[in-house]
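A.B. asks: According to numbering that gives the first Met the number 0, the residues represented by the sequence shown are 0 to 606, in order.
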Amino acid sequence: MFSSSRLRGGLTRRRFVTGMGAGGLMAALPHPARSASAVLPAGLIPAEPSATWDLRVGRTHIEIDHKALNAPCIGGTVPGPVLRWRQGDTVAVNVTNTLRHEDTSIHWHGIRLPSDMDGVPGLSFTGIKPGETFTYRFRLHQSGTYWYHSHSGMQEAQGLYGAVVIDPIHPAPNACDRDYVILLSEWTDVSPMDMINNLKMQDDYYVFRQRTVASFPKEAREAGSAAAALKDRLAWSRMRMAATDISDVTGIIYTYLLNGYAPDMNWNGLFRPGEKVRLRFINGSSMTFFDIRIPGLEMLVVQADGNDVEPVPVDEFRIGVAETYDVIVQPKEDRAYTVFAQSEDRTGFARGTLAPRAGMAGPVPPMDPRPVRTMIDMGMGDMKPGDSMQDMEMPGGSMAGPDKGSMDMSGGSMAGMDMHGMDMSHMHHTMPPIEVDDPGPPPINVENQNVAMMPVDRLGSPGDGLEHNGRRVLNYKQLRATRPGADPRPPSREIILHLTGNMERYIWGFNGRKFSESGPIHLKKGERVRFTLINDTMMEHPIHLHGLWSELENGQGDFRPYKHTLISQPGSRMSYLVTADVPGMWAYHCHLMLHMDLGMFRTVIVE
Numbered sequence: 000m001f002s003s004s005r006l007r008g009g010l011t012r013r014r015f016v017t018g019m020g021a022g023g024l025m026a027a028l029p030h031p032a033r034s035a036s037a038v039l040p041a042g043l044i045p046a047e048p049s050a051t052w053d054l055r056v057g058r059t060h061i062e063i064d065h066k067a068l069n070a071p072c073i074g075g076t077v078p079g080p081v082l083r084w085r086q087g088d089t090v091a092v093n094v095t096n097t098l099r100h101e102d103t104s105i106h107w108h109g110i111r112l113p114s115d116m117d118g119v120p121g122l123s124f125t126g127i128k129p130g131e132t133f134t135y136r137f138r139l140h141q142s143g144t145y146w147y148h149s150h151s152g153m154q155e156a157q158g159l160y161g162a163v164v165i166d167p168i169h170p171a172p173n174a175c176d177r178d179y180v181i182l183l184s185e186w187t188d189v190s191p192m193d194m195i196n197n198l199k200m201q202d203d204y205y206v207f208r209q210r211t212v213a214s215f216p217k218e219a220r221e222a223g224s225a226a227a228a229l230k231d232r233l234a235w236s237r238m239r240m241a242a243t244d245i246s247d248v249t250g251i252i253y254t255y256l257l258n259g260y261a262p263d264m265n266w267n268g269l270f271r272p273g274e275k276v277r278l279r280f281i282n283g284s285s286m287t288f289f290d291i292r293i294p295g296l297e298m299l300v301v302q303a304d305g306n307d308v309e310p311v312p313v314d315e316f317r318i319g320v321a322e323t324y325d326v327i328v329q330p331k332e333d334r335a336y337t338v339f340a341q342s343e344d345r346t347g348f349a350r351g352t353l354a355p356r357a358g359m360a361g362p363v364p365p366m367d368p369r370p371v372r373t374m375i376d377m378g379m380g381d382m383k384p385g386d387s388m389q390d391m392e393m394p395g396g397s398m399a400g401p402d403k404g405s406m407d408m409s410g411g412s413m414a415g416m417d418m419h420g421m422d423m424s425h426m427h428h429t430m431p432p433i434e435v436d437d438p439g440p441p442p443i444n445v446e447n448q449n450v451a452m453m454p455v456d457r458l459g460s461p462g463d464g465l466e467h468n469g470r471r472v473l474n475y476k477q478l479r480a481t482r483p484g485a486d487p488r489p490p491s492r493e494i495i496l497h498l499t500g501n502m503e504r505y506i507w508g509f510n511g512r513k514f515s516e517s518g519p520i521h522l523k524k525g526e527r528v529r530f531t532l533i534n535d536t537m538m539e540h541p542i543h544l545h546g547l548w549s550e551l552e553n554g555q556g557d558f559r560p561y562k563h564t565l566i567s568q569p570g571s572r573m574s575y576l577v578t579a580d581v582p583g584m585w586a587y588h589c590h591l592m593l594h595m596d597l598g599m600f601r602t603v604i605v606e
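1) What are the partner residues of Gln341, as DSSP defines its beta bridges?
2) Taking all protein chains shown into account, do 16 or more other C-beta atoms lie within 10 angstroms of the C-beta of Lys524, making it buried, or fewer, making it exposed?
3) Report all residues from its chain with a CB closer than 7 angstroms to the CB of Ala303; omit the five preceding and five following residues, and keep chain order.
4) DSSP three-state label for Lys275, please.
5) Should Asp557 go down as buried or exposed, given a rule of 16 or more other Cβ atoms within 10 Å for buried?
6) Could you tell me which whole alpha helix (DSSP H) segments of length 4 or greater appear in the stretch 568–606?
7) Between Cys72 and Val455, what straight-line distance do the alpha-carbon atoms span, to the nearest angstrom?
8) With H, G and I counted as helix, E and B as strand and the rest as coil, what does DSSP make of Leu159?
9) Name the one or two DSSP bridge partners that Trp146 has.
10) So, using beta-carbon positions, are Tyr253 and Thr187 closer together than 8 angstroms?
11) Is the Cβ-Cβ distance between Pro330 and Pro272 less than 8 angstroms?
12) From this set, Leu547, Thr578, Asp437, which residue's C-alpha is nearest Trp646's C-alpha?
13) For Asn173 and Asp307, what's the separation of their Cα atoms in angstroms?
14) Less than 7 angstroms between the CB of Asn282 and some heavy atom of the ligand FAD, yes or no?
15) Skipping 5 residues on each side, what residues in its chain have a beta carbon closer than 7 angstroms to that of Leu68?
16) Whole angstroms is fine: what's the gap from Thr531's alpha carbon to Val119's?
17) Would you check if the distance between the CB atom of Pro441 and the CB atom of Asp535 is smaller than 8 angstroms?
18) Skipping 5 residues on each side, what residues in its chain have a beta carbon closer than 6 angstroms to that of Glu297?
19) Using three-state DSSP, classify Leu473 as helix, strand or coil.
20) Does the beta-carbon distance from Gln86 to Asp178 come in below 8 angstroms?
21) Shortest alpha-carbon distance to Glu322 belongs to which of Leu498, His543, Arg457?
22) My output table needs one value for Phe133: the three-state DSSP class, helix, strand or coil.
23) Looking only at C-alpha atoms, which of Asp463, Ile495, Asp176 sits nearest to Glu438?
24) Considering only the beta carbon of each residue, do Leu299 and Val276 sit closer than 8 angstroms?
25) Can you name the residues that DSSP bridges to His169?
26) Buried or exposed: which applies to Tyr357, given that a residue is buried once 16 or more other Cβ atoms fall within 10 Å of its Cβ?
27) Is it buried or exposed for Thr337, if we count other Cβ within 10 angstroms and need 16 for buried?
28) Nearest-angstrom Cα distance between Glu155 and Ser284?
29) Tell me the rounded alpha-carbon separation between Trp84 and Asp176.
30) Leaving out the 5 sequence neighbours to the left and right, which residues in its chain are closer than 8 angstroms to Ala91 when beta-carbon positions are compared?
31) Is there contact here, the stretch 121–131 with the stretch 562–578, by at least three beta-carbon pairs under 8 angstroms?
32) What are the boundary residues of the beta strand (DSSP E) that Asn306 is part of?
33) Below 7 angstroms CB to CB, which residues in the same chain sit around Pro490 once its five sequence neighbours on both sides are set aside?
34) Exposed or buried, His425, counting other C-beta atoms within 10 Å across all chains shown (16 or more means buried)?
35) Within 10 Å of its beta-carbon, does Gln568 have 16 or more other beta-carbons around it, so buried, or fewer, so exposed?
36) For Cys175, which residues does DSSP report across the bridge?
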């Protein structure tokens with residue numbers, strides 16, 4: 000619960016959220032004065048902004064779930080205020096830094112704007128110095144659910160984030176009676192730098208549920224024999240990674256929050272039976288994927304990363320760090336429903352309640368069994384636990400792991416692999432050849448501990464731990480835009496990037512190199528490019544390209560979904576198209592904060 004020193008800020012936030020529950024999302028939000036400006040063509044900015052906001056960044060003592068922190072935040076609250084804007088308007092946001100000894104910044108995640116307004120110190124501007132005010136000013140070309148967060152000093156991980164809702168010019172196709180933001184995040188009194196130090200000392204420092212002797216009989220049954228289960232354990236041992244190492248940082252130190260509320264605080268959103276309720280889910284966490292369901296209610300997914308999609312009825316969906324999903328529910332009974340968001344590693348959960356009356360609490364379901372990584376996550380395709388990995392030879396030696404010697408992949412040749420019995424039909428392309436920028440498989444070295452030998456398309460999978468759980472779970476192949484993309488051109492070239500890392504040393508990067516060892520990716524203005532990601536690691540990575548849309552190639556043809564953040568599953572290969580339509584220097588990185596900070600970051604320059 001909140002400490003007495005949090006009283007003023009806590010009451011402000013509590014009144015704010017209570018107002019959301021009592022009368023809809025905007026009941027307690029101030030509306031800035033608007034000027035009667037006409038909607039102008041894309042790229043033109045009126046002389047005066049039509050909405051002005053003043054935000055002050057400072058530190059406030061906050062205690063949640065007995066974890067106290069002098070948190071960097073906006074207006075003394077975590078999360079910060081919801082900013083609600085209107086498509087076509089030009090907004091001016093004055094951000095004042097009241098921190099004593101540190102710079103700050105605000106990045107407008109997923110919002111299309113000029114590069115000098117993007118808010119990444121060192122790329123788009125110099126940052127906001129203590130005592131200074133910086134004015135962000137940009138026109139809103141889009142509508143939908145987005146969010147904002149600091150891009151300075153890992154302040155985002157400690158509380159400097161909030162939601163953005165942009166209402167469309169024309170009425171939304173899925174009008175609802177109620178409208179709530181559901182912002183998921185983490186809370187801890189452990190600093191991000193302490194986390195890094197602990198993980199570099201011991202890669203599974205926060206993983207306290209390992210496979211044991213007691214779990215071996217169950218594994219043997221699932222694998223078909225004890226010998227097969229033992230081979231699987233030995234394979235993971237050679238990779239120097241545990242099959243239960245799902246999340247780097249877990250519920251052992253995190254309290255998972257929903258709109259700033261710990262699970263025992265029970266956030267409430269009100270409804271009248273029969274009403275349609277729009278829930279705008281935002282994953283504002285720094286290191287946690289959440290699996291979301293509302294027992295007893297079907298969710299209709301209508302928007303992904305701010306863009307409308309053809310409605311998909313589901314019982315559950317996974318939301319990666321920095322993603323947003325809008326869903327519509329229609330509770331018909333006069334009872335409470337639990338909004339349940341369990342962490343992917345099943346070490347904790349966030350929860351709230353949709354209810355017809357304030358103060359009600361829905362039942363909290365038990366968490367699902369923890370996921371266990373498989374050969375697919377290793378990049379071994381659909382190999383089963385009993386299959387022999389020693390038979391998978393590359394020129395120069397075995398692929399089993401760094402302790403087996405280096406892999407000689409001269410020229411990226413796959414000639415040493417036995418392709419007999421493998422289905423290669425998916426490799427036949429009818430598209431004309433394009434220029435391919437392919438560095439080849441990265442070397443096994445101190446910065447990279449694995450190469451995915453058979454990366455597969457996992458877009459049809461909801462993710463580890465969600466397969467065959469008896470519920471309808473969303474997957475990327477189901478996302479279909481409501482209208483064709485704006486750029487029908489095929490790509491002129493393909494850029495292939497390997498997601499790499501060494502969990503034991505806790506180093507992350509692209510193509511086996513940290514950011515400090517990598518140059519920028521150059522695009523020409525107006526160029527149409529395909530990015531292909533091969534995930535050589537055994538973890539999910541939410542990849543975010545600032546400033547430009549990523550059009551996921553998921554089999555929907557011209558109705559590819561537009562996203563700003565894409566989950567790359569372990570051992571997978573996926574592609575998306577990018578039109579370089581806004582010049583400038585843009586950040587491109589994994590949105591797991593510790594991965595980004597330790598090297599999984601590149602610069603994209605649109606020239």
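Backbone N, C-alpha and C define an ideal beta-carbon position, used for all residues, glycine too.
C.D. replies: In short:
1) Beta-bridge pairing links Gln341 to Asp290, Phe348.
2) Taking every protein chain shown into account, the CB of Lys524 has fewer than 16 other CB atoms within 10 angstroms, so this residue is exposed.
3) Hits under 7 angstroms: Tyr324, Leu478, Pro560, Lys562.
4) Three-state result, Lys275: coil.
5) That one is exposed.
6) Complete alpha helix (DSSP H) runs here, min 4: 592–596.
7) Distance between the alpha carbons of Cys72 and Val455: 41 angstroms.
8) It is coil, neither helix nor strand.
9) Trp146 is bridged to His108, Ala162.
10) The Cβ atoms of Tyr253 and Thr187 sit closer than 8 angstroms to each other.
11) One thing to note: Pro330 has its Cβ within 8 angstroms of the Cβ of Pro272.
12) With the chain covering only 0 through 606, there is no way to say anything about residue 646.
13) Going from the Cα of Asn173 to the Cα of Asp307 covers about 10 angstroms.
14) With respect to the ligand FAD, the structure shown offers nothing to examine, as it has no ligands at all.
15) Ile61, Gln157, Asp188, listed in sequence order.
16) Thr531 and Val119: Cα-Cα distance of roughly 24 angstroms.
17) Yes; because the gap between Cβ atoms is below 8 angstroms, this pair is in contact.
18) The residues are Pro312.
19) Coil at Leu473, not helix or strand.
20) No; because the gap between Cβ atoms is not below 8 angstroms, this pair is not in contact.
21) Minimum Cα distance to Glu322 is reached at His543.
22) Annotated three-state conformation of Phe133 is strand, per DSSP.
23) In the sequence on display, residue 438 carries Pro and not Glu. Sorting Asp463, Ile495, Asp176 by C-alpha distance to the C-alpha of Pro438 places Ile495 at the top.
24) Going by C-beta atoms, Leu299 is not nearer than 8 angstroms to Val276.
25) Answer is none; His169 lacks a bridge partner.
26) A quick correction: the sequence has Ala, not Tyr, at residue 357. Flag for Ala357 reads exposed.
27) Classification of Thr337: buried, given that the 10 Å Cβ count is 16 or more.
28) Straight-line measurement puts the Cα of Ser284 at about 8 angstroms from the Cα of Glu155.
29) Looking at the two C-alpha atoms, the distance is approximately 19 angstroms.
30) Closer than 8 angstroms at Cβ, skipping near neighbours: Pro48, Ala50, Thr51, Trp52, Thr134, Tyr135, Arg136.
31) No, they do not touch.
32) Boundaries of the beta strand (DSSP E) around Asn306: 306–313.
33) Cβ within range, chain order: Ile433, Arg527, Val528, Arg529, Leu576.
34) For His425, the predicted model reports a pLDDT of 42, less than 50, meaning its position is unreliable and no value from the coordinates is stated.
35) Answer is buried; the Cβ neighbour count reaches 16.
36) Under DSSP, Cys175 takes part in no beta bridge, so it has no partner.
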